[in-house]
Amino acid sequence: MARSIRRQSKPIDHKSVSTLRVRMHVLTITASLIATVRAEYRTMTNREADNLLQFHRRLEAKLENLEEQIERLQSVRDEVERGKQLTRPDPNIPRIKRYMLQAEAVIDVAHVVRREAQQILDLRLNHATEAGLVWVRNLLRECGNLEEQRLEEIKVAEQALQKADGGRKMMRPHDARERRVESLKQNFVHEPLDPNHFMGQWEAVIYLCGGISQAGLWVLHNQHGKVIDRIVRKNDYMDYRKWFSTDLWHGHSKDFQNRIPLEFWLRNKCCNVSDKHFARMRAWSQDHQNMVLSLYVEYCSFEDLGAIQQGYLEPPAHFVPEATLWMIFKHLVECCLVMRQGGIRTADPDWQQIVHRDIKPRNVFMDDAAKSYFPRYPTPKMGDFGLAIQTDEKDPMNPQFYNRGAGTRPYMAPEQMPYVNDKTNEPMDDWQLLDYTNVYGIGALMYSLLIGGLHRHQQPDFLDEREKWETTNDADDFYSRTLRDLIMSCIEWRPSDRKTLDALLEEVESAINTVDYLNRAAKGVQEADDYHDLWYQADQYRLELAQDSSSDTWEKRSEDQAPGASDPPSTDVEIVMQDT
1 MARSIRRQSK PIDHKSVSTL RVRMHVLTIT ASLIATVRAE YRTMTNREAD
51 NLLQFHRRLE AKLENLEEQI ERLQSVRDEV ERGKQLTRPD PNIPRIKRYM
101 LQAEAVIDVA HVVRREAQQI LDLRLNHATE AGLVWVRNLL RECGNLEEQR
151 LEEIKVAEQA LQKADGGRKM MRPHDARERR VESLKQNFVH EPLDPNHFMG
201 QWEAVIYLCG GISQAGLWVL HNQHGKVIDR IVRKNDYMDY RKWFSTDLWH
251 GHSKDFQNRI PLEFWLRNKC CNVSDKHFAR MRAWSQDHQN MVLSLYVEYC
301 SFEDLGAIQQ GYLEPPAHFV PEATLWMIFK HLVECCLVMR QGGIRTADPD
351 WQQIVHRDIK PRNVFMDDAA KSYFPRYPTP KMGDFGLAIQ TDEKDPMNPQ
401 FYNRGAGTRP YMAPEQMPYV NDKTNEPMDD WQLLDYTNVY GIGALMYSLL
451 IGGLHRHQQP DFLDEREKWE TTNDADDFYS RTLRDLIMSC IEWRPSDRKT
501 LDALLEEVES AINTVDYLNR AAKGVQEADD YHDLWYQADQ YRLELAQDSS
551 SDTWEKRSED QAPGASDPPS TDVEIVMQDT
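Following UniProt numbering, the numbering of the sequence shown begins with 1 at its first residue and continues without gaps.
What follows is the structure, encoded as structure tokens:
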């Protein structure tokens with residue numbers, strides 16, 4: 001009898017006790033059959049054909065048992081039809097018919113299960129795993145639906161209890177959290193530093209940034225009022241998803257005692273290789289109640305590269321000296337070599353490469369100059385590893401989990417964004433995010449310095465290789481072709497067309513060694529020169545400086561002269577750079 005299970009939905013007299021018992025009997029048998037199928041799926045680890053055959057035979061036995069029951073019911077109906085009901089009290093024919101209908105539905109269920117079992121039996125062993133995964137997915141979905149139902153029942157019960165109790169006025173949890181976070185933000189500069197890491201009377205002196213995260217500078221004075229230590233505190237205010245996200249923690253995200261912020265772990269991992277290239281994080285703390293992560297970062301004396309660039313853009317605008325760009329270029333390449341292999345000249349065999357995903361001027365901090373290397377220029381240090389990932393070519397999550405648009409426009413590489421075929425909606429150009437992604441970040445940053453700044457809307461869409469960046473006429477006149485071409489080679493659309501980090505380091509070092517001024521500066525001999533000197537803001541809180549002697553003016557390292565007021569560059573320097 002080919003019936004659909006939908007036959008069970010016909011009207012039934014729910015007031016009839018016998019009918020309810022029949023329905024419970026049907027549901028019990030159906031649940032038993034489904035439970036048998038699920039149990040077999042859980043135990044079929046090897047998917048041997050013998051186990052499947054035995055499972056099929058057990059279902060056959062259950063089906064035969066059900067058929068015997070329906071035959072007995074059929075005999076009852078036959079007796080009724082033969083008129084035996086006339087010799088005894090009314091057997092309630094409608095009730096028996098309803099019972100028959102339910103029993104037939106049980107048979108239909110059994111047939112469905114039998115057909116499914118036969119299909120499983122016919123599957124090849126190499127497809128059994130896939131079938132098991134599908135079942136697991138469906139089971140998880142059912143469990144999720146069940147939990148949602150339970151949650152809804154709890155909410156209804158809670159509302160009923162509140163109404164019965166009269167209840168009291170309260171704020172919605174989401175609004176309450178927002179107000180609590182807003183209160184924390186307002187008290188940011190008054191909240192003391194973590195006493196487990198920072199003893200003494202620290203004073204908040206600069207509020208650096210606000211928004212979703214906050215950052216500020218704290219200084220520590222001695223008894224004479226001089227600065228003896230400095231630290232930048234950054235507070236991240238998270239929601240439940242971020243607080244327990246596996247993307248933001250090294251270790252198990254729910255192991256509060258042993259987990260470490262991934263940003264802290266990755267940055268200090270690089271800093272342990274070379275603290276001249278990365279801004280170190282000194283400590284961190286977590287507030288579980290308010291879900292606030294506090295990161296304590298070393299203070300770099302001269303803000304960041306973005307602040308220096310902004311100083312050159314203020315009217316009258318000027319270009320950053322080319323010698324500065326070569327020094328920054330080389331330093332960034334060395335940073336990315338450390339992130340790729342755990343060293344600049346050598347590789348650590350156990351190192352897993354790091355892709356920064358957010359290389360931009362504001363994330364390159366400028367620290368005190370090194371006496372033995374470009375002593376008149378601040379030292380650039382890579383920072384803010386908030387979007388950094390640790391990966392390799394065998395990473396199964398690369399790129400699908402890493403190319404979802406994380407980054408800052410307009411410095412994002414093509415592989416940081418997902419592309420699909422407009423006809424089939426299938427992924428296209430889904431390159432992995434690897435060391436060449438960092439190369440693009442270097443190129444985009446250097447290109448921004450080259451042309452005098454980039455805006456968010458200038459992010460290329462990389463569709464059909466359109467919207468390629470080009471240098472400006474003013475940049476072409478001021479900077480050497482060698483520098484311009486090397487920068488443009490980093491921002492090619494296809495990763496395979498970009499310069500490798502090794503090639504970049506070789507060519508940058510060759511250019512520095514070729515020009516006399518650059519060569520001497522790289523060896524620690526850098527004379528004052530209006531053409532080459534860099535303008536940047538003085539360190540207001542340098543160590544052993546009395547607080548009242550700080551200055552907030554833009555100034556040059558050597559003289560109090562406005563940017564660009566020096567004489568034009570000499571012809572011989574320009575010719576040497578052109579010939580490089």
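All C-beta atoms in this analysis are idealised placements derived from N, C-alpha and C, irrespective of residue type, glycine included.
Quick caveat: nothing in here was measured; it's all calculated off a predicted structure.
query: May I ask you to report which of helix, strand or coil DSSP gives A444?; result: helix
query: Is H331 helix, strand or coil by DSSP?; result: helix
query: Please name the residue or residues paired with G216 in a DSSP beta bridge.; result: Y207 and R233
query: In chain order, what residues of the same chain have a beta carbon less than 8 Å from the beta carbon of L501, not counting five sequence neighbours either side?; result: V333, C336, L337, R340, D435, N438 and V439
query: Put D476 into one of helix, strand or coil per three-state DSSP.; result: helix
query: So for K371, helix, strand or coil by DSSP?; result: coil
query: Which of the three DSSP states, helix, strand or coil, is assigned to T246?; result: coil
query: Between P399 and F462, is the Cβ-Cβ spacing less than 8 Å?; result: no
query: Closest by CA to V364, which one among D392, F329, N187 and Q214?; result: F329
query: Using alpha carbons as the reference points, say which of P418, L293 and V525 lies closest to N240.; result: Note on identity: in this sequence residue 240 is Tyr, with Asn being the wrong assignment. It is L293.
query: So, is V227 buried or exposed, given that buried needs 16 or more other C-beta atoms within 10 angstroms?; result: buried
query: Contact between the segment 308 to 325 and the segment 526 to 536: three or more CB pairs below 8 Å?; result: yes
query: Keeping to the same chain, check which residues put their C-beta closer than 7 Å to that of P361; ignore five residues upstream and five downstream.; result: D304, L305, G306, Q309, L445 and S448
query: Tell me the residue span of the alpha helix (DSSP H) that contains W265.; result: L262 to C271
query: Consult DSSP for F256 and reduce its assignment to one of helix, strand or coil.; result: coil
query: Could you give the first and the last residue of the continuous beta strand (DSSP E) run that contains Y517?; result: Careful: Y517 lies outside any beta strand (DSSP E), inside the alpha helix (DSSP H) at D516 to A522.
query: Using a 10 Å radius around the Cβ and a threshold of 16 neighbouring Cβ atoms, would you call K371 buried or exposed?; result: exposed
query: Less than 6 Å between C-beta atoms, sequence neighbours within five positions excluded: which residues of the same chain meet that for L220?; result: G200, W202, I228 and D229
query: Measure the CB-CB distance between S274 and D367 and report whether it falls below 8 Å.; result: no
query: Give the secondary structure of residue 582 by DSSP, where H, G and I count as helix, E and B as strand, and everything else as coil.; result: Since the first and last residues shown for the chain are 1 and 580, residue 582 lies out of range.
query: I want to check one thing, is the minimum distance from the CB of L193 to the heavy atoms of the ligand SAM below 7 Å?; result: This structure lacks the ligand SAM; in fact it carries no ligand of any kind.
query: So, at 7 Å on beta carbons, what are the nonlocal neighbours of V189 in its own chain, with the 5 sequence-adjacent residues on each side left out?; result: A204, Y207 and G216
query: Just how far apart, CA to CA, sit A283 and P315?; result: 40 Å
query: Determine the direct distance from the alpha carbon of L433 to that of P427, and round the result to whole angstroms.; result: 15 Å
query: Apart from the five residues just before and just after L248, which ones in its own chain have a Cβ nearer than 7 Å to its Cβ?; result: K242, P261 and L262
query: Expressed to the nearest angstrom, what Euclidean distance is found between the alpha-carbon atoms of T45 and W351?; result: Legend: pLDDT at T45 = 48, less than 50; position of this residue unreliable, value from coordinates given subsequently. C-alpha separation (whole angstroms): 36 Å.
query: Please work out which residues of its chain come closer than 6 Å, Cβ to Cβ, to M238, disregarding the five sequence neighbours upstream and downstream, and give them in chain order.; result: M291
query: Compute the distance between the beta-carbons of M412 and Q459, then report whether it is under 8 Å.; result: yes
query: Please report the straight-line C-alpha distance between T252 and C270, rounded to a whole angstrom.; result: One detail in the question is off: residue 252 reads as His in this sequence, not Thr. Computed Cα separation, rounded: 22 Å.
query: In this structure, what does DSSP give as the bridge partners for M382?; result: F278 and V364
query: If Y536 sits next to P378, beta carbons under 8 Å apart, how far is it from one beta carbon to the other, in whole angstroms?; result: 6 Å
query: The alpha helix (DSSP H) spanning Q309 covers which residue range?; result: L305 to L313
query: Rounded to the nearest angstrom, what separates P195 and A521 at their Cα positions?; result: 43 Å
query: Report buried or exposed for M281, applying the criterion of at least 16 other Cβ atoms within 10 angstroms of its Cβ.; result: buried
query: Tell me Q390's beta-bridge partners as DSSP assigns them.; result: I354
query: If you check the beta carbons only, do L266 and Q416 fall under 8 Å apart?; result: no
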